[in-house]
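Colleague: Using the working numbering, the letters of the sequence shown correspond one by one to residues 1339 to 1480. The structure that follows is given in the form of structure tokens.
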Amino acid sequence: MSMSKMTSDLWKKVEHFKPDGADRWGDPFQMETSIIFTLVKFRKYVGRPVHVHCGFEARATSGWHPAGCAVDIHVEGLHVVDQYLAAERFDEFNGIGIYPNWNNPGLHLDTRPHDKTAIDSRWACLESGVYIPLNWDFLKRL
């Protein structure tokens, strides 16, 4: 992971996402380049608008939002399972959570540091604060 933060010059190179646009980055200059440029590739792959609901969160006490390497998103007009399948194509997303009960069902994506010999972090959330393994039992509920 690059561990470098976005700058004004870097944001100028970003397609589809702007630091002062409709997306909710928190502090866009605390976002890691790795998550932003992977999100751009993801947006190109799905070919649909991707809406960011949460980026950097200083108030969070754990997780990857305070590090600036996580986003909560949804893809316009794409079922949450298809969003997940698209995200799985990107090795940079080391953490993927699926949230089918958001107002706009979507994903948590992060580029947390990763040991390539370890299993990536995957989970589902059916209600606030309750996380379960992303497995067939979960998928049957959708």
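Heads up, the beta-carbon is just placed ideally off N, CA and C, and yes, glycines get one too.
I'd like the list of long-range same chain contacts for G1393, defined as Cβ closer than 6 Å, with 5 residues on each side in sequence excluded.
Modeller: Cβ within range, chain order: W1363, G1364, M1369 and V1409.
Colleague: Assuming K1464 and N1439 form a contact by the criterion Cβ under 8 Å, report the distance between their Cβ atoms to the nearest whole angstrom.
Modeller: The sequence as given places Leu at residue 1464; Lys does not occur at that position. Their Cβ separation, rounded to whole angstroms, is 6 Å, which keeps L1464 and N1439 in contact under 8 Å.
Colleague: Note down, in chain order, each residue of its chain lying with its Cβ closer than 6 Å to the Cβ of F1431, except the 5 sequence neighbours on either side.
Modeller: Closer than 6 Å at the Cβ level, and outside the excluded window around F1431, lie A1425 and L1447.
Colleague: For the alpha helix (DSSP H) holding L1377, just list the boundary residues, first then last.
Modeller: Where L1377 is concerned, the enclosing alpha helix (DSSP H) stretches over T1371 to V1384.
Colleague: Run the CB neighbour count on D1301, radius 10 Å, all protein chains shown included, and call it buried at 16 or more, exposed below.
Modeller: A question about residue 1301 goes unanswered here, because the residues of the chain that appear run from 1339 up to 1480.
Colleague: From the DSSP output, in three-state form, read off D1365 for me.
Modeller: It is coil, neither helix nor strand.
Colleague: In chain order, which continuous runs of the alpha helix (DSSP H) of length 4 or greater are located wholly inside the stretch 1389-1450?
Modeller: Runs of the alpha helix (DSSP H) inside the stretch 1389-1450: 1418-1425.
Colleague: Can you find the residues in the same chain that come closer than 6 Å, C-beta to C-beta, to R1460, ignoring five residues on each side of it along the sequence?
Modeller: Answer for R1460: I1434 and L1472, listed in chain order.
Colleague: In terms of residues, what are the limits of the alpha helix (DSSP H) holding L1472?
Modeller: Unbroken run through L1472: none, as it is neither H nor E.
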